[in-house]
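Inspection log for the structure reproduced underneath, given as structure tokens.
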Amino acid sequence: DTGVSQDPRHKITKRGQNVTFRCDPISEHNRLYWYRQTLGQGPEFLTYFQNEAQLEKSRLLSDRFSAERPKGSFSTLEIQRTEQGDSAMYLCASSLGVQGRDEQYFGPGTRLTVT
Amino acid sequence: GDSVTQMEGPVTLSEEAFLTINCTYTATGYPSLFWYVQYPGEGLQLLLKATKADDKGSNKGFEATYRKETTSFHLEKGSVQVSDSAVYFCAPPLYGNNRLAFGKGNQVVVIP
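Protein sequence lines, in the order shown, are assigned to chains A and B.
If you read the first sequence in our numbering, its first letter stands for residue 4, the second for the next number, and so on.
If you read the second sequence in our numbering, its first letter stands for residue 938, the second for the next number, and so on.
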């Protein structure tokens, strides 16, 4: 078990560019979550998948954001036409999704800086 | 709606002091409750959890008891160390066992 991994760890982009982040969950976990964390705040939920199905999206997730989990394993989060307000740490987490064993394990995050 | 309330502000205390961080929540039903910790420069780590009322989660000397009657899940440690300096987040799930509702977190600084 290598834990949740995310790539890249850091991304600097210019405003208006598109960026894509990848998350590889713990292998047997069927649930995958994306959160966003800004400095001094707790993580805010963005979206979650049960296997390949995207079951919930936050109102924080504007139409510039899209997430996929095509084979129920890794997931990608794309931000189109980035804005400076998108600068944040993007966190991925995964869980078994089983009652009593539903704790989420987090990856190290991708830090996005939009200049 | 469902929410979590964590006590405000950073906490500074001396080594070997007693630590309490309060957390209360409102939620539908009786979800699992969690405390996460973020050490400087590191990612979020699960510190402890409780899956039902009156459960006590414990890890690394930290404890928290799931109090249904007061909808609380306060974190305690009897004797903190400098290495406990971190940000602590209370996180009950919203809507069952789906999204985690994090509070703002508490910066804990332990001075020798």
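The beta-carbon is built from N, C-alpha and C at its ideal position, and this holds for glycine as well.
Within 7 Å of chain A by C-beta, residues of the stretch 987-999 of chain B in sequence order
988
Thinking C-alpha only, which one of A:102, A:106, A:107 and A:94 is nearest residue 39 of chain A?
Taking the first residue of the first sequence as 1, we reach residue 39 of chain A at position 36. Checking every option, the nearest Cα to that of residue 39 of chain A belongs to A:94.
One or two residues paired with residue 73 of chain A in a DSSP bridge:
Within the first sequence, numbered from 1, the residue matching residue 73 of chain A stands at position 70. In the DSSP output, where bridge partners are listed per residue, residue 73 of chain A has none listed.
Would you call the CB atoms of residue 1028 of chain B and residue 1037 of chain B closer than 7 Å?
Translated into positions along the second sequence, residue 1028 of chain B becomes position 91. Translated into positions along the second sequence, residue 1037 of chain B becomes position 100. Yes, Cβ-Cβ distance for residue 1028 of chain B and residue 1037 of chain B is below 7 Å.
Looking at the unbroken beta strand (DSSP E) that takes in residue 32 of chain A, where does it start and where does it end?
Stepping through the first sequence from its first residue, residue 32 of chain A is reached at position 29. Per DSSP, residue 32 of chain A belongs to no beta strand (DSSP E) and is neither H nor E.
Buried or exposed: where does residue 88 of chain A fall if 16 or more other Cβ atoms within 10 Å of its Cβ makes it buried?
Residue mapping note: residue 88 of chain A aligns to position 85 of the first sequence, counting from 1. Classification for residue 88 of chain A: exposed.
Segment limits, beta strand (DSSP E) that includes residue 41 of chain A
Indexing the first sequence from 1 puts residue 41 of chain A at position 38. Unbroken run through residue 41 of chain A: none, as it is neither H nor E.
Where residue 949 of chain B and residue 1008 of chain B are concerned, what is the direct C-alpha to C-alpha distance, given to the nearest angstrom?
What you label residue 949 of chain B is simply residue 12 of the second sequence in a count that begins at 1. What you label residue 1008 of chain B is simply residue 71 of the second sequence in a count that begins at 1. C-alpha separation (whole angstroms): 26 Å.
Is residue 19 of chain A helix, strand or coil when you go by DSSP?
Stepping through the first sequence from its first residue, residue 19 of chain A is reached at position 16. Three-state result, residue 19 of chain A: coil.
Buried or exposed (CB count within 10 angstroms, at least 16 for buried), residue 1003 of chain B
Taking the second sequence and counting its residues from 1, one reaches residue 1003 of chain B at position 66. It is buried - the Cβ of residue 1003 of chain B has at least 16 other Cβ atoms within 10 Å.
Tell me, which residues are paired with residue 7 of chain A by DSSP?
By one-based count along the first sequence, residue 7 of chain A stands at place 4. DSSP lists no partner for residue 7 of chain A.
For a cutoff of 7 Å on Cβ pairs, would you count residue 955 of chain B as touching chain A?
Indexing the second sequence from 1 puts residue 955 of chain B at position 18. Chain A, which has no Cβ nearer than 7 Å to the Cβ of residue 955 of chain B, makes this no.
Do residue 68 of chain A and residue 980 of chain B have their CB atoms nearer than 7 Å?
The residue given as residue 68 of chain A occupies position 65 in the first sequence. The residue given as residue 980 of chain B occupies position 43 in the second sequence. Going by C-beta atoms, residue 68 of chain A is not nearer than 7 Å to residue 980 of chain B.
So with CB distances below 8 Å, who are the chain A contacts of residue 1041 of chain B?
Residue mapping note: residue 1041 of chain B aligns to position 104 of the second sequence, counting from 1. Result: 43, 44 and 45.
Reduced DSSP category for residue 994 of chain B - H, G, I as helix; E, B as strand; rest coil
For the purposes of this step, residue 994 of chain B is taken as the residue at position 57 of the second sequence. Looking at residue 994 of chain B - three-state DSSP - the assignment turns out to be strand.
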